[in-house]
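In the numbering used here, the protein residues as written are 27 to 522.
For reference, the structure discussed in these notes is given below.
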């Protein structure tokens with residue numbers, strides 16, 4: 027069963043299901059075949075949901091959600107009361123996939139069921155979203171810990187996030203509830219929760235080592251470091267405002283040297299939101315013992331006005347590809363030319379050439395970015411060409427974009443279908459009838475591709491061109507489009 031957030035702490039143990047008869051096996055196989063092919067077999071699913079065998083009933087309940095059989099929602103509401111909790115939990119999960127707002131009352135009642143069912147009911151309410159807001163808020167303070175945690179995660183999906191339940195959760199004795207409350211406040215970075223987050227950051231329970239807390243099996247989120255990571259994520263400049271910026275910086279400077287690398291990563295990213303006042307600890311983090319922290323620090327220097335000598339010093343401090351790639355992107359965004367701007371253009375490793383092309387899309391001026399990417403459009407490796415096309419396309423809407431459009435259009439004839447798909451998708455938002463002949467030629471070329479990316483992208487371009495410029499689509503163009511045989515690819519047909 028797919029489980030959201032801390033629902034993993036309460037995943038049901040499958041009830042004894044007894045021996046499967048040959049008829050059960052055949053019915054089970056029909057249900058699986060229907061879901062795999064995404065072709066509803068309602069007779070089989072109805073029979074499975076009514077089966078006396080738990081395993082078959084469970085498969086039928088899940089199939090309803092996977093196949094988005096909205097007409098079967100009432101059947102799933104009834105199944106919420108199934109004698110077997112694993113079947114009822116699957117029914118709740120299917121209602122989540124259906125986002126069935128008519129089931130809010132039934133799901134509310136299911137919150138009082140056994141833990142696995144209640145947890146999945148809470149998840150379903152979160153998937154339904156705004157229409158379930160009142161239920162989520164009303165039950166978020168009184169539910170058992172595992173269910174309360176899932177309701178808090180559900181509240182994080184609402185916009186705006188209701189801060190009161192999450193703030194109250196930070197005082198809970200249950201570590202999973204505390205984590206879920208911190209998560210709900212940190213993901214959308216709710217300003218109303220900053221004061222409480224600052225207080226929680228000094229809570230002895232939060233400062234404990236992970237080994238000191240016994241969390242339910244599989245609930246890694248309940249460890250103190252996971253909550254500290256959410257605190258670090260929440261304390262961005264946009265949430266703290268002027269009044270709480272100073273205490274937030276104080277906490278972040280502590281968290282940036284935390285024992286847990288993921289806490290340090292979040293702290294580095296939040297420090298970056300405070301501008302020049304946070305540069306020093308970020309630079310220090312480029313020498314962190316953990317590679318991922320060093321990479322986060324390199325990424326967080328984007329747009330900083332550092333001295334060229336300092337950029338070079340940071341470049342020489344770590345020779346790993348990902349760190350240098352990240353630093354190259356940050357320096358390029360800052361308008362600084364590192365040695366890689368020349369050296370990586372002719373590097374034997376395609377990863378380095380592609381990294382340079384990716385960095386080109388971040389240059390502060392279209393002219394600079396295009397100048398970096400253009401030589402790589404003719405690279406021998408299609409992965410590099412794809413990145414170069416994407417980089418040039420990033421400036422289509424900027425000054426001089428009309429001069430770059432023919433460069434991207436030329437990529438519609440590239441031998442590689444990923445390159446063609448990248449160009450087509452980049453052009454689609456500003457599609458025009460005059461380019462349809464080139465797109466149709468590209469679609470014909472894509473008929474021989476092993477993958478469908480370029481075919482799907484071409485159909486998407488044609489759809490956008492029709493919406494934006496249908497008056498200019500001539501009869502001859504319509505005839506050319508109609509002449510193409512119907513595709514046997516369901517994804518191409520769906521796009522059309």
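Where is the CB? At the ideal position from N, CA and C, for every residue including glycine.
Do you know how far the Cα of residue 161 is from the Cα of residue 225?
For the purposes of this step, residue 225 is taken as the residue at position 199 of the chain shown. For the purposes of this step, residue 161 is taken as the residue at position 135 of the chain shown. Each residue's Cα considered, the two are about 28 Å apart.
Just checking my contact of residue 145 with residue 113 at CB under 8 Å: how many whole Å lie between their CB atoms?
By 1-based counting over the chain shown, the position of residue 145 is 119. By 1-based counting over the chain shown, the position of residue 113 is 87. 15 Å between Cβ atoms; not a contact.
What whole-angstrom Cβ distance do residue 394 and residue 418 have, given they're in contact under 8 Å?
Working through the chain shown from its first residue, we reach residue 394 at position 368. Working through the chain shown from its first residue, we reach residue 418 at position 392. That pair is no contact at about 12 Å.
Would you mind sorting residue 183 into buried or exposed? The rule is 16 or more other CB atoms within 10 Å of its CB.
For this step, residue 183 is matched to residue 157 along the chain shown. So residue 183 counts as buried.
Is DSSP giving residue 342 helix, strand or coil here?
Position 316 of the chain shown, counted from the start, is the residue given in the question as residue 342. Three-state DSSP puts residue 342 in a helix.
Check whether the Cβ atoms of residue 207 and residue 218 sit closer than 9 Å, and answer yes or no.
Taking the chain shown and counting its residues from 1, the one referred to as residue 207 is at position 181. Taking the chain shown and counting its residues from 1, the one referred to as residue 218 is at position 192. Result no, Cβ atoms of residue 207 and residue 218 do not sit closer than 9 Å.
Mark residue 342 as exposed unless 16 or more other C-beta atoms lie within 10 angstroms of its C-beta, in which case mark it buried.
For the purposes of this step, residue 342 is identified with residue 316 of the chain shown, where counting begins at 1. Exposed, since its Cβ has fewer than 16 Cβ neighbours within 10 Å.
So, do the region 260 to 270 and the region 309 to 322 have three or more beta carbon pairs nearer to each other than 8 Å?
No: the two stretches stay apart, fewer than three of their Cβ pairs being nearer than 8 Å.
Work out the CA separation of residue 496 and residue 104 for me, nearest whole Å.
Translated into the one-based positions of the chain shown, residue 104 becomes position 78. Translated into the one-based positions of the chain shown, residue 496 becomes position 470. If you draw a straight line from the Cα of residue 104 to the Cα of residue 496, it is about 49 Å long.
Excluding the 5 residues preceding and the 5 following residue 89 in the sequence, name in chain order all residues of the same chain whose CB lies nearer than 6 Å to its CB.
Locating residue 89 in the chain shown gives position 63, where the first residue counts as 1. So the list reads 57, 61 and 71, once near-sequence residues are dropped.
According to the Cβ coordinates, are residue 117 and residue 87 closer than 9 Å?
Residue 117 sits at position 91 when you count from the first residue of the chain shown. Residue 87 sits at position 61 when you count from the first residue of the chain shown. Taking the C-beta atoms as reference points, residue 87 is found nearer than 9 Å to residue 117.
Where does residue 292 fall in DSSP's three states?
Sequence index remark: in the chain shown, residue 292 carries index 266 (1-based). In this structure, residue 292 counts as helix in the three-state DSSP scheme.
Who are the Cβ neighbours of residue 348 in its own chain at under 8 Å, not counting the five residues just before and after it?
Locating residue 348 in the chain shown gives position 322, counting from the first residue. The answer, listed in chain order, is 317 and 321.
Cβ-Cβ separation, residue 451 to residue 434 (assumed contact under 8 Å), whole Å
Mapped onto the chain shown, residue 434 falls at position 408. Mapped onto the chain shown, residue 451 falls at position 425. Residue 434 to residue 451, Cβ: 10 Å. No contact.
Helix, strand or coil, according to DSSP, for residue 387 in the structure here?
Position 361 of the chain shown, counted from the start, is the residue given in the question as residue 387. Looking at residue 387 - three-state DSSP - the assignment turns out to be coil, as it is neither helix nor strand.
With distance defined between alpha-carbon atoms, name the residue in 203, 456 and 289 nearest to residue 423.
The residue labelled residue 423 in the question sits at position 397 within the chain shown. When only C-alpha atoms are compared, the closest one is 456.
Find the nearest neighbour of residue 248 within the set 284, 401 and 175, judged by alpha-carbon distance.
Start at 1 with the first residue of the chain shown, and residue 248 comes out as number 222. When each option's Cα is compared against that of residue 248, the closest is 175.
At what residue ranges does the region 168 to 250 contain a whole run of the alpha helix (DSSP H), taking only runs of 4 or more?
171 to 181, 189 to 195, 201 to 212, 220 to 226 and 230 to 233
Residue 67 versus 95, 49, 45 and 154, residue with shortest Cα-Cα distance:
Against the chain shown, residue 67 aligns to sequence position 41. The shortest Cα separation from residue 67 among 95, 49, 45 and 154 belongs to 95.
Within the same chain, show all residues whose beta-carbon is closer than 8 Å to that of residue 214, passing over the 5 residues directly before and after it, in chain order.
Reading the chain shown from its first residue, position 188 is the one you call residue 214. 182, 185, 186 and 187, listed in sequence order.
Whose C-alpha, out of 85, 223, 126 and 334, is nearest the C-alpha of residue 110?
As a position in the chain shown, residue 110 is number 84, starting the count at 1. For residue 110, the closest of 85, 223, 126 and 334 by C-alpha to C-alpha distance is 85.
In the DSSP assignment, find the unbroken alpha helix (DSSP H) run with residue 62 in it and report its ends.
By 1-based counting over the chain shown, the position of residue 62 is 36. Here the alpha helix (DSSP H) through residue 62 covers 48 to 63.
Alpha carbon to alpha carbon, how far is residue 251 from residue 401? Give it in angstroms, no decimals.
Counted from its first residue, the chain shown places residue 401 at position 375. Counted from its first residue, the chain shown places residue 251 at position 225. Roughly 46 Å between the two C-alpha positions.
C-beta contact flag for residue 311 and residue 323 at 9 Å:
What you label residue 311 is simply residue 285 of the chain shown in a count that begins at 1. What you label residue 323 is simply residue 297 of the chain shown in a count that begins at 1. Yes, these two residues count as a Cβ contact at 9 Å.
If you drop the 5 nearest sequence neighbours on each side, which residues of the same chain put their C-beta closer than 7 Å to that of residue 171?
For the purposes of this step, residue 171 is taken as residue 145 along the chain shown, with counting starting at 1. So the qualifying residues of the chain are 200, 202 and 203.
Suppose you measure from the CA of residue 152 to the CA of residue 168; what does that come to, to the nearest Å?
On the chain shown, residue 152 is found 126 positions in, with the first residue counted as 1. On the chain shown, residue 168 is found 142 positions in, with the first residue counted as 1. Near 17 Å, if we compare the C-alpha coordinates of residue 168 and residue 152.
Helix, strand or coil, according to DSSP, for residue 334 in the structure here?
On the chain shown, residue 334 is found 308 positions in, with the first residue counted as 1. Three-state DSSP puts residue 334 in a helix.
Of all the options 388, 98 and 430, which has the alpha carbon lying nearest to the alpha carbon of residue 403?
Taking the chain shown and counting its residues from 1, the one referred to as residue 403 is at position 377. Comparing Cα-Cα distances from residue 403 to each of 388, 98 and 430, the minimum goes to 430.
Which residue from 309, 338, 413 and 142 puts its Cα closest to that of residue 376?
Residue 376 sits at position 350 when you count from the first residue of the chain shown. Closest option to residue 376, Cα to Cα, is 413.
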